[in-house]
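Notes follow once the structure below has been shown.
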Ligand SMILES: Nc1ncnc2c1ncn2[C@@H]1O[C@H](COP(=O)(O)OP(=O)(O)O)[C@@H](O)[C@H]1O
Ligand SMILES: [Mg+2]
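Chains as they are written, first to last, in our numbering: chain A, 2 to 350; chain U, 240 to 513.
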């Protein structure tokens, strides 16, 4: 086979991996949309905020240091030790102790960040959406735009606006085994980033866990009930408020996972919040209410935009990745407005 | 009920089942903007009885049921439950107190199977939370099994074995009504509120539903508050009847008393025979 075919395949695989990222963000959207009908524009910013918080905790940044310094004329920025180093074993520790220290140094900040996302979910529900029950969808949507910009500013104020590296010890660089094996088999070595492979595995685990949770747990059953009919859910004793805090929490934790993956790959920076916009066409494709749809939609968009750029990009002057996803979504909207997996909307006339 | 009744005496049906006051509505007034849906209505529901609310369309029957179940908050009046004044509650809190209901316009979880729908009725009775559920998987499984057994009994009782796994959205109207009743029963409620459970059914379906309602009341001793349009059905089923018209109470008593009440004949029966 000619190298072009292999190269296209490789492009496609890389596209799939990028698609995993979109899918992760889209997943957070779907969860909230299904349970509350709110289109959460802030999902991407939540990923950013989670990643910022995680870096801050790992590195021992003092939160709100700019503000503190401006008010008190101090010059604080870091604690003597970040959580990563706090748990690190001293010189000469045994292999096991050192390993344990490294794991705790990552795991504890990750869990703390998850806790922060849960508190955020609670605050968002308590301070904003509780007061907007029964409002038109466009109003709820506007509220999430407000939330997105607030959270962006708040993250900035809390942790600073500089680009930060996020290292939680995930493997990076080209997967050499894959390259060697494919080289031996096809005479063409595929270049796939280890981090992308990890992201794909994590996303798969996340989706399976979420599916099991929603199918077999008590909360999962309540969650599906709320997604289906609010009145009926109330009548069987489900607190809508509780369920909404729950889904925002889950969406926050999904955002954390997306933030970790994206941050490890490209650094934690404000452009991270822009992937939220790519989740939009993903949702158009997959349907707003389908978890499998979010995944498949993400993969199709990721793959499609890379392949399109590869084949058509050179003919039209490149940079097709900026618009391809949206145009594809537009085509889908025209021919299948409910998305690939969404329920068909039949208007009774 | 009567303390002096000799032990060997066979109690009448009413003596056997009617207990003390379970729920009391005191001077309830409910307004929607300028519209008065309920005007200063008081009545009580006693343990073990079938208490019906009747009246022409728009009389305020559903509104009253919504006040009892916490969906509507009255501007005036008090709700007393089990001898204590009930503070203002959200519908889900009312449900957790042991008050289950069905809706006039059916509110089911269309995407879920019949079985899953009925299982949601048991959410208020499930003890194991998420943390415990993940830590003690075995215990949670045991609890789930127990709930499943109860639900299967209700499914047998309402004769809907054949549709256990069917998504509710695909069922015909009459069966949906039955599933909704099943879900309410699954909560093992102290008080069951039924809003026109037989509306839109054919004669056969109505007869089945009547039988189920009587059996629920008889076998489980569940107190039932029933809204129904069909006068014949109401008179057959009910122990006591409240009659409403234009948001006001115009009659209250046993079916016989209500039937003889001139205001009721004028307002309700007159309208019904138009
Ligand atoms: N949610 C509501 N908003 C505004 N008006 C309502 C609402 N619910 C009921 N009403 C009004 O209250 C009155 C009584 O309605 P309802 O309780 O449904 O009567 P019934 O069940 O006896 O037919 C009607 O005039 C109805 O329009
Ligand atoms: Mg009604």
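Even glycine gets a Cβ: it sits at the ideal position worked out from N, Cα and C.
Here DSSP, grouped into helix, strand and coil, assigns residue 240 of chain A to coil. When only Cα atoms are considered, residue 330 of chain U and residue 171 of chain A end up about 47 Å apart. Taking a Cβ-Cβ cut-off of 7 Å, residue 119 of chain A has no neighbours in chain U, whose nearest Cβ is about 13 Å from it.
With a 10 Å radius around the Cβ and a threshold of 16 neighbouring Cβ atoms, residue 232 of chain A comes out exposed. Of all residues in the stretch 346-365 of chain U, only 346, 347, 348, 349, 350, 351, 355, 358, 359, 360, 362, 363 and 365 come within less than 8 Å of chain A when Cβ atoms are compared, listed by chain position. Residues of the same chain with a CB within less than 7 Å of the CB of residue 211 of chain A, apart from the 5 flanking positions on each side, are 292 in chain order. Interface criterion not met: the Cβ of residue 122 of chain A is under 8 Å from no Cβ in chain U.
Checking the DSSP bridge columns, you'll see residue 216 of chain A has no partner listed.
Separation of residue 408 of chain U and residue 414 of chain U (C-alpha to C-alpha, rounded to the nearest whole angstrom) is 11 Å.
The residue from U:274, U:494, U:428 and U:448 with its alpha-carbon nearest to that of residue 470 of chain U is U:494. If you draw a straight line from the Cα of residue 477 of chain U to the Cα of residue 152 of chain A, it is about 58 Å long.
Between residue 434 of chain U and residue 466 of chain U, the beta carbon gap of about 5 Å places them in contact (Cβ cut-off 8 Å).
Take residue 54 of chain A, set aside five residues on each side of it, and the residues of its chain with a beta-carbon closer than 6 Å to its own are 114 and 117, in chain order. Under a criterion of Cβ atoms nearer than 7 Å, the residues of chain U adjacent to residue 238 of chain A are, in order, 331, 334, 335, 362 and 363. Set against 7 Å, the gap from the CB of residue 482 of chain U to the closest heavy atom of ligand 1 is not smaller. Residues 268, 269 and 486 of the same chain have their beta carbon placed closer than 8 Å to that of residue 275 of chain U, with the five preceding and five following residues left out of the count. Residue 27 of chain A places its beta carbon less than 8 Å from that of residue 287 of chain A. Residues of the stretch 214-248 of chain A that bring their beta carbon within less than 7 Å of a beta carbon in chain U comprise 218, 219, 220, 222, 223, 225, 226, 229, 230, 232, 233, 235, 236, 237, 238, 239 and 240, in sequence order.
For the stretch 108-172 of chain A, the continuous alpha helix (DSSP H) assignments of 4+ residues that do not extend past its boundaries occur at 138-160, in sequence order.
In the three-state reduction of the DSSP assignment, residue 192 of chain A falls in the coil class, being assigned neither a helical nor a strand state.
Contact of residue 342 of chain U with chain A by beta-carbon distance below 9 Å involves 232, 233 and 236.
Residue range 260-271 is occupied by the beta strand (DSSP E) that includes residue 262 of chain U.
If you check each beta-carbon in the stretch 300-323 of chain U against every beta-carbon of chain A, the ones closer than 9 Å belong to 308, 309 and 310. Residue environment analysis places residue 324 of chain A among the exposed positions, since fewer than 16 neighbouring C-beta atoms fall within 10 angstroms of its C-beta.
When DSSP reads this structure, residue 323 of chain U sits in a beta bridge with U:320.
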